[in-house]
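What follows is one structure encoded as structure tokens, with my remarks underneath.
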Amino acid sequence: MMKPSLTIPLVQGKPTLGTWQQIVFLDFDNHGRHREILVQIIGD
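Read in order, the letters of the sequence shown correspond to residues 1070 to 1113 in the working numbering.
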């Protein structure tokens, strides 16, 4: 379902997604606004 954050494991710099999985951004607000996406990488 929809949530404000998502954790995606990476293996050798690539997301480990299943065959039918993908990352999408849905914006249901019909007013033009400034948006920010924060990407945080944690690892060795």
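Yeah, the Cβ is synthetic: ideal placement off N, Cα and C, and Gly gets one too.
Check                                                                                                                                      : Outcome
Expected contact under 8 angstroms - CB spacing of residue 1078 and residue 1085 to nearest Å                                              : 5 angstroms
DSSP bridge partner residues for residue 1080 (one or two, in chain order)                                                                 : 1083
Beta-carbon contacts of residue 1095 that lie in its chain and below 8 angstroms, excluding the five residues immediately before and after : 1071
Separation of residue 1100 from residue 1076, as counted between CA atoms                                                                  : 27 angstroms
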